[in-house]
Structures are given as structure tokens and as C-alpha cells.
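A.B. asks: Numbering (the numbering used here), first residue to last: 10 to 178. We put the CB at the ideal spot given by N, CA and C, even for glycine.
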Ligand SMILES: Cc1cc2nc3c(=O)[nH]c(=O)nc-3n(C[C@H](O)[C@H](O)[C@H](O)COP(=O)(O)O)c2cc1C
């Protein structure tokens with residue numbers, strides 16, 4: 010099958026996801042962060058999560074040497090933060106409020122959930138590398154609505170909308 014890269018990308022975009030920002034520190038202690046929707050849960054016991062970073066990303070060298078990283082599951086009102094970390098820039102963290110987590114990794118307030126991880130494995134994945142993290146600590150805000158991404162666009166759920174009536178699975 011001859012695969013058109015654009016159509017392949019569009020087809021993959023049919024998988025609706027949440028949006029995360031993954032943060033770490035580089036070798037010089039600089040704050041690093043990228044917007045990523047490749048995040049997923051991997052294992053409950055041990056507690057593992059995964060995401061993938063493009064090998065051509067400016068932040069790739071920092072992540073490929075990172076001992077710690079934090080996954081921020083973004084809330085519906087954090088689209089501006091998502092946009093800021095979805096473009097290469099040396100000023101991504103300018104004026105952004107953050108605390109210091111495990112390994113001094115930047116931690117943003119106001120997220121739907123935050124997972125602080127130690128890097129467990131790097132797995133080669135073509136033009137990306139899959140980073141598997143062991144969750145050491147996490148916080149969750151049960152009230153937050155998620156920022157979502159579908160077919161190349163953000164989706165902002167309305168309060169009382171997609172979650173009404175609540176469905177227990
Ligand atoms: C919704 C969304 C999801 C993204 N997911 C990923 C991802 O999972 N992995 C990745 O490497 N880049 C992803 N990107 C692109 C990066 O955010 C973008 O390339 C960014 O510039 C990377 O930061 P850097 O240039 O500092 O390396 C995504 C972008 C958006 C808007």
C-alpha cells in the first residue's frame with residue numbers, strides 16, 4: 010500500500026485525546042517543556058505511563074538524557090499554555106508560574122492531573138522515542154474538565170455537557 014503521509018496523519022488524528030505538557034530539566038538545569046498528546050497509561054502495578062518525543066524536536070536531547078519528567082494533563086482552560094509549549098522557543102517558561110518537583114522538574118498549577126515520574130525506559134519508535142516513566146507521585150483535580158484534541162483542533166467540553174449524565178465504567 011502506498012501511504013500518503015498527510016492522509017495517514019489525518020487518519021491518526023481521528024483518535025481523540027487529552028492534551029499534556031511534559032516538563033523536565035536539561036543538563037544545564039534549564040527548564041524544558043513540550044505539548045504532547047501521545048501520553049497514555051501503561052501499567053497499574055508497577056505504575057507506568059508513556060509518551061513519545063519526536064527525534065527532531067529541539068527538546069529531544071534534554072528528554073533523551075532526563076532522569077525525571079512530569080506529565081501535566083491539561084484542563085479545559087489551559088489552551089494558551091498548550092499553544093505556548095507546542096512551538097520551539099527559548100522563552101517558553103517566561104512569566105509562567107511553576108513549582109519545583111522531583112529532580113527540580115517544573116510543575117504547573119491548575120491541571121486536571123500531574124504525574125511526577127522517574128525515567129524507566131527509552132524505546133525506539135521510528136522517528137520518535139517512547140519514554141516510559143515510573144510514577145512516583147501524582148495529584149488529581151476531580152473537578153477539572155479536560156482540554157481535548159481531535160482532528161488537529163482543540164475540543165473544549167462544556168460543563169454539564171459531555172459528562173452529563175455521568176457514566177460509570
Ligand atoms: C496537541 C499537540 C500534541 C502534540 N503531541 C506531540 C507528541 O506527542 N510528541 C512530540 O514530540 N510532539 C508533539 N507535539 C508537537 C510539539 O509540541 C512541538 O513540536 C514543540 O515545538 C516541541 O517543543 P520543542 O520545539 O521545544 O522541542 C504536539 C503538538 C500539539 C499541538
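Using a Cβ-Cβ cutoff of less than 8 Å, which residues in the same chain neighbour residue 166 once the five nearest sequence positions on both sides are dropped?
C.D. replies: On the chain shown, residue 166 is found 157 positions in, with the first residue counted as 1. The answer, listed in chain order, is 85, 154, 155, 157 and 172.
A.B. asks: Given 8 Å as the limit, is there contact between the stretch 80 to 99 and the stretch 129 to 137, that is, 3 or more CB pairs closer than that?
C.D. replies: no
A.B. asks: How about residue 68 and residue 58: are their beta carbons less than 8 Å apart?
C.D. replies: For this step, residue 68 is matched to residue 59 along the chain shown. For this step, residue 58 is matched to residue 49 along the chain shown. Going by C-beta atoms, residue 68 is not nearer than 8 Å to residue 58.
A.B. asks: Between which two residues does the alpha helix (DSSP H) containing residue 21 stretch?
C.D. replies: Locating residue 21 in the chain shown gives position 12, where the first residue counts as 1. Note, residue 21: alpha helix (DSSP H), 14 to 21.
A.B. asks: In the DSSP assignment, what residue or residues form a beta bridge with residue 139?
C.D. replies: On the chain shown, residue 139 is found 130 positions in, with the first residue counted as 1. Partner(s): 61 and 132.
A.B. asks: Output the residue ranges of the alpha helix (DSSP H) runs that lie fully inside the stretch 58 to 111 and measure 4 residues or longer, sorted by chain position.
C.D. replies: Segments of the alpha helix (DSSP H) lying fully in the stretch 58 to 111: 69 to 73 and 88 to 93.
A.B. asks: Considering only residues of the same chain and omitting the five flanking positions on each side of residue 55, which have a CB-CB separation below 7 Å?
C.D. replies: In the chain shown, counting from the first residue as 1, residue 55 sits at position 46. Contacts found: 143.
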